[in-house]
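>
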Amino acid sequence: MPAPRRPKQERSVATRAKILEAAYGSLIDRGYGATTVGEVQNRAGVARGTLLHHFPTRGALMAGVVEDIIERRLRVLTSVETDGGDDDNAAGNDGNDDNAAGNDGNDADNAARDRAHSAATWDDIVDLVWEELQGPPFTAALELWVASRTDPDLRQALIPLQERIFGTVHRNVTRLAGDDHPRAPMLVQFTIDLLTGAHLAGTLEPRVGSAAVVRAWKVAVRELAAHG
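The sequence shown begins at 10 in my numbering and counts up by one.
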């Protein structure tokens, strides 16, 4: 007796996730230029019409990948907002690993979450932000951010997503730093901007230089925070 078919909505969600995962993998493996609709279609193993039903344009597909990455990464940061229910949050995330980011970074997610819950120093905060910039999710997003410079449609799709992710990261990291610290919002913004630049510079050179920047900023931010 054949297995019962899944409800149509459930199949649609699964197909969308498969397409996003294929696009995400192509961005990591081949870059934005080679991540065409045809390439994603082949990787996902779906009909072209099916792909276009979910994502009518390449820009919509790329925006979908970024939004999926954002949803996954923000779960790590927003989970530190409450002191209770940590185990429930961790268990609840187990069923969400079929997002475009797949299982990449699950260990990093757990480490970041564990450290974030006990974060009390600026060293911890710098480490947390730095880890958020490492790994495949940011690499995929970086491919799209660079491409958006000469792609107006992609740029328009990414602007609200960029505001959303950096706004949420800023709010949550500021809470870790202490809402009552007068310089916390400014120092968190400096941390995000400086480490993003250090990470980008490190894509062309060995990470030794980036590590030195991180160490130097830890010293500087401690001094700036102490004299707030």
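For each residue, glycine too, the CB sits at the ideal point set by N, CA and C. Values in this document were obtained by computation on a predicted structure and should not be read as measured data.
Tell me whether Asp160 sits in a helix, a strand or coil according to DSSP, three-state version.
Asp160: coil per DSSP, three-state reduction.
> Who are the near neighbours of Leu233 in its chain, counting only those whose CB is closer than 7 Å to its CB and skipping five residues on each side?
Counting only Cβ-Cβ distances below 7 Å, and skipping sequence neighbours, we find Arg192 and Leu196.
> Drop a sphere of 10 angstroms on the beta-carbon of Pro146, count the other beta-carbons inside from all chains shown, and report buried for 16 or more, exposed for fewer.
So Pro146 ends up on the buried side.
> If contacts are defined as beta-carbon pairs under 8 Å, then Ala149 and Val74 qualify, I think. What distance do you get, rounded to the angstrom?
Correct: roughly 6 Å between the Cβ atoms.
> Determine the DSSP secondary structure at Asp38, reduced to helix, strand or coil.
It is helical.
> Just tell me which of His62, Thr66, Lys27 and Met71 has its CA closest to the CA of Gly54.
The residue with the shortest Cα to Cα distance from Gly54 is Lys27.
> If you follow the alpha helix (DSSP H) that Pro194 is in, where does it begin and where does it stop?
It spans Ala193 to Ala210 - the alpha helix (DSSP H) in which Pro194 sits, taken as one unbroken run.
> Span of the alpha helix (DSSP H) holding Ala53?
Looking at the DSSP string, the run of the alpha helix (DSSP H) that includes Ala53 is Val46 to Ala53.
> From what residue to what residue does the alpha helix (DSSP H) around His190 run?
Segment: none, His190 is in no alpha helix (DSSP H) and carries neither H nor E.
> Is the number of C-beta pairs between the stretch 24-40 and the stretch 56-64 that are closer than 8 Å three or more?
Counting Cβ pairs under 8 Å, three or more are found: they touch.
> Between Met71, Pro169 and Ile201, which lies nearest to Ser35 when the distance is taken from Cα to Cα?
It is Met71.
> Could you pull out every residue in the same chain whose Cβ sits closer than 6 Å to the Cβ of Val230, ignoring the five residues on either side in sequence?
Hits under 6 Å: Trp131 and Leu196.
> What three-state label does DSSP hand Glu214 in the structure shown?
In the structure shown, Glu214 sits in coil (DSSP, three-state: anything other than H, G, I, E or B).
> Got a sec? Which residues, its chain only, sit under 7 Å from Ile37 by beta carbon, not counting five neighbours each side?
Excluding sequence neighbours, Ile37 sits near Pro145, Thr148 and Ala149.
> With DSSP as the reference, label Gln171 as helix, strand or coil.
Three-state result, Gln171: helix.
> Less than 8 Å between the C-beta atoms of Ile201 and Val223, yes or no?
Contact: no.
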